[in-house]
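Structure, as structure tokens:
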Ligand SMILES: [Fe+2]
Ligand SMILES: [Fe+2]
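Chains as they are written, first to last, in the working numbering: chain A, 31 to 292; chain B, 594 to 924.
If you want it as structure tokens, here you go:
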């Protein structure tokens, strides 16, 4: 994205930047909230703490990104106003992030698919022409590298562990694969941000994600599920039924006590 | 062992040898030397420590549950992040403590099995429910606060690995206590509804927090020997008194009422004097009849059972790939 010369590069509108940053912010927030549900309930103490760490990283990313989105919007909404006082259609996370935890295999597969996407996205965003976004990406990419190490490591353990674990993780992969198309298929905003030098070239993410995932699946002795097209548009606010419930729980206190400071 | 050897001169010599060892062990403790895992120690000392450290470790782990109950509903992203980090710290405390117990010759797996079967105890405070956000403030302030009172003296405990674990843990606990108090302060400076929420939380957590110090000295079974061994350094009542003296002014600063109509300041003793503690409640919760005893154990069992296939997969993978297997995954 550094190739285009500064002089001819178009500038995105504030609305476009706001929408784009929200996609990243909400994906981290919703994924972090999902992992936070598990704290205290992991298969071992070590995994419990590792999932907690990832949740903490994701919520930290969300806070930085939401604060940035609020500044871009310029209407005085801070990270909490954006997190707690928007309804589901205003959330811009990819639908994969909101999928329920299920068993450890499902949690793991969801994280693995998402970690690979976040890692490649943030890697590219470190070179974004948006300085603030690039700074956040620099921090996030280190965290995502660790998340990927964890989730791909567990994908291998479960895929190449016992017959039961292989069956469970295969089923999870089969069920969650349909949400990957949204990650990899750019829409008009993705394309526009790429042209503006803010976001990565859309084809690049798909290619790198596919390569990364193919290697992880091979190591885990898992079959890549067949391509499933499904019209998820979390990035445009069209979500699965799960997000509303997640938000109902997450947003309950600030909504029950409007205007209070916590 | 040959029973007839009992009254032989050899047995008498062995007896004398044993008494001698016990004496030298006590002398080391009296000199404030640390006992280390490879050192000789009386079996009763070992067993007392295992019981105490395991109970402490289990409390950290079970203690993740009542606070974990509010992570998904924390009212701001900052509070959410702080609470996640706190609950993680408690898990970390559980880990160091299980490791400290392992130096005494029990495995984490064995200890967890004792917890899940209901044979091992953990602190009764975690059998109380967290009903509103203010409970998260009250737990940090009162429960972590009481834990610190109990634990600071343990940093000088005679058993080295336990003392060292406690140094690390106490640092984090005092951080938790400040965070909890800060939640209470925000609530008490907030709306009428928030102040009422804070008062309600104090009402529910005050007495259980006082009970965290254990039965009064007159009824405490293990105190004398544990004091001699420097596994315990102050009596239950001394620690409870310290806690009350520190905490009552903090409640006043918050503008909250301590739910004890008999509480008074004794000018000559320079102490607060509380009303009588309802020990029947303490014993009921200890027996398993607290509000959440069932739920807490069920949650731990469910995590263990649903995690079984994951641990088995990790073990199978480690075997195939000669990956070093962590003890926890096998357990
Ligand atoms: Fe702790
Ligand atoms: Fe704590």
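Glycine residues also receive a C-beta, built at the ideal position from the N, C-alpha and C atoms.
Inset, instruction - Determine the contact status of residue 154 (chain A) and residue 232 (chain A), defining contact as a CB-CB distance below 7 angstroms. - result: In the first chain, the residue the question calls residue 154 (chain A) occupies position 124. In the first chain, the residue the question calls residue 232 (chain A) occupies position 202. Not in contact: residue 154 (chain A) and residue 232 (chain A) (Cβ atoms no closer than 7 angstroms).
Inset, instruction - Below 8 angstroms on the Cβ atoms is my guess for residue 177 (chain A) versus residue 84 (chain A); work out the distance and round it to an integer in Å. - result: Reading the first chain from its first residue, position 147 is the one you call residue 177 (chain A). Reading the first chain from its first residue, position 54 is the one you call residue 84 (chain A). Yes, they are in contact, since the Cβ atoms of residue 177 (chain A) and residue 84 (chain A) sit about 5 angstroms apart, within 8 angstroms.
Legend entry - Three-state class that DSSP yields for residue 908 (chain B) in the structure shown: For the purposes of this step, residue 908 (chain B) is identified with residue 315 of the second chain, where counting begins at 1. In the structure shown, residue 908 (chain B) sits in a helix (DSSP, three-state: H, G or I).
Inset, instruction - Check whether the Cβ of residue 282 (chain A) lies closer than 7 angstroms to any Cβ atom in chain B. - result: Mapped onto the first chain, residue 282 (chain A) falls at position 252. Cβ-Cβ to chain B under 7 angstroms: yes for residue 282 (chain A).
Inset, instruction - Taking only beta-carbon positions, decide if residue 933 (chain B) is within less than 7 angstroms of chain A. - result: Shown here, chain B extends from 594 to 924; a query on residue 933 (chain B) therefore has no answer.
Inset, instruction - Would you identify the three-state DSSP class for residue 689 (chain B), choosing helix, strand or coil? - result: Locating residue 689 (chain B) in the second chain gives position 96, where the first residue counts as 1. Helix.
Inset, instruction - Using 10 angstroms around the beta-carbon of residue 264 (chain A), count the other beta-carbons present and answer buried if the total reaches 16, otherwise exposed. - result: Here the question's residue 264 (chain A) lines up with position 234 in the first chain. Buried, because 16 or more other Cβ atoms sit within 10 Å of the Cβ of residue 264 (chain A).
Legend entry - Unbroken beta strand (DSSP E) run spanning residue 262 (chain A), endpoints: Taking the first residue of the first chain as 1, we reach residue 262 (chain A) at position 232. Taken as a continuous stretch (DSSP letters only), residue 262 (chain A) belongs to no beta strand (DSSP E), as it is neither H nor E.
Inset, instruction - Going by CA-CA distance only, name the one from A:269, A:53, A:87 that's closest to residue 216 (chain A). - result: Position 186 of the first chain holds residue 216 (chain A). It is A:53.
Inset, instruction - Look at residue 697 (chain B) and residue 615 (chain B) and say whether their C-beta atoms are less than 7 angstroms apart. - result: Against the second chain, residue 697 (chain B) aligns to sequence position 104. Against the second chain, residue 615 (chain B) aligns to sequence position 22. Their beta carbons are not under 7 angstroms apart, which means residue 697 (chain B) does not touch residue 615 (chain B) by this criterion.
Legend entry - CB contact check: residue 178 (chain A) to chain B, cutoff 7 angstroms: Here residue 178 (chain A) corresponds to residue number 148 of the first chain, with the count starting at 1. No, because no Cβ of chain B sits closer than 7 angstroms to the Cβ of residue 178 (chain A).
Legend entry - Residues near residue 182 (chain A) in its chain [Cβ-Cβ closer than 7 angstroms; skip 5 each side]: As a working note, residue 182 (chain A) is residue 152 in the first chain. Result list for residue 182 (chain A): 142, 246, in chain order.
Inset, instruction - May I ask you to list the residues that DSSP assigns as paired with residue 865 (chain B)? - result: The residue given as residue 865 (chain B) occupies position 272 in the second chain. DSSP output for residue 865 (chain B) lists B:858 as bridge partner(s).
Legend entry - Touching by the beta-carbon criterion (3+ pairs, under 8 angstroms), the region 797–812 of chain B and the region 751–761 of chain B: no
Legend entry - Candidates B:851, B:606, B:648, B:644, of which the one nearest residue 717 (chain B) by Cα: For the purposes of this step, residue 717 (chain B) is identified with residue 124 of the second chain, where counting begins at 1. Of the candidates B:851, B:606, B:648, B:644, the one whose C-alpha sits nearest the C-alpha of residue 717 (chain B) is B:648.
Inset, instruction - Would you mind giving the Cβ-Cβ distance between residue 823 (chain B) and residue 622 (chain B), rounded to the nearest angstrom? I have them listed as a contact below 8 angstroms. - result: Position 230 of the second chain, counted from the first residue, corresponds to residue 823 (chain B). Position 29 of the second chain, counted from the first residue, corresponds to residue 622 (chain B). Indeed they touch by this definition, with Cβ atoms about 5 angstroms apart.
Inset, instruction - Compute the minimum distance between the beta carbon of residue 769 (chain B) and the heavy atoms of ligand 2, and state whether it is under 6 angstroms. - result: Taking the second chain and counting its residues from 1, the one referred to as residue 769 (chain B) is at position 176. Indeed, a heavy atom of ligand 2 lies less than 6 angstroms from the Cβ.
Inset, instruction - Consult DSSP for residue 638 (chain B) and reduce its assignment to one of helix, strand or coil. - result: What you label residue 638 (chain B) is simply residue 45 of the second chain in a count that begins at 1. Three-state DSSP puts residue 638 (chain B) in a helix.
Legend entry - Check: residue 686 (chain B) C-beta below 6 angstroms from any heavy atom of ligand 1: Working through the second chain from its first residue, we reach residue 686 (chain B) at position 93. Answer for residue 686 (chain B): yes, Cβ within range of ligand 1.
Inset, instruction - Please list, in chain order, all residues of the same chain as residue 790 (chain B) whose beta carbon is under 8 angstroms from its beta carbon, the five residues on each side excluded. - result: Residue 790 (chain B) sits at position 197 when you count from the first residue of the second chain. Here the set comprises 725, 726, 727, 780.
Inset, instruction - Measure the beta-carbon distance from residue 794 (chain B) to residue 740 (chain B) and round it to whole angstroms, keeping in mind my assumption that it falls under 8 angstroms. - result: Position 201 of the second chain, counted from the first residue, corresponds to residue 794 (chain B). Position 147 of the second chain, counted from the first residue, corresponds to residue 740 (chain B). About 17 angstroms separates the two Cβ atoms, so there is no contact after all.
Inset, instruction - Please decide whether residue 791 (chain B) counts as near chain A, where near means a Cβ-Cβ distance under 7 angstroms. - result: To locate residue 791 (chain B), count along the second chain from 1; it is residue 198. No, because no Cβ of chain A sits closer than 7 angstroms to the Cβ of residue 791 (chain B).
Inset, instruction - Return yes when at least one heavy atom of ligand 2 lies under 6 angstroms from the C-beta of residue 766 (chain B), else no. - result: Locating residue 766 (chain B) in the second chain gives position 173, where the first residue counts as 1. At least one heavy atom of ligand 2 is nearer than 6 angstroms to the Cβ of residue 766 (chain B), so yes.
Inset, instruction - Compare the C-alpha of residue 56 (chain A) against each of A:125, A:165, A:174, A:104 and name the closest. - result: The count along the first chain starts at 1 and reaches residue 56 (chain A) at position 26. Of the listed residues, the one whose Cα sits closest to residue 56 (chain A) is A:125.
Inset, instruction - Name the two residues that bound the continuous alpha helix (DSSP H) containing residue 50 (chain A). - result: Position 20 of the first chain, counted from the first residue, corresponds to residue 50 (chain A). Where residue 50 (chain A) is concerned, the enclosing alpha helix (DSSP H) stretches over 44–66.
Inset, instruction - Give the secondary structure of residue 721 (chain B) by DSSP, where H, G and I count as helix, E and B as strand, and everything else as coil. - result: In the second chain, the residue the question calls residue 721 (chain B) occupies position 128. Three-state result, residue 721 (chain B): coil.
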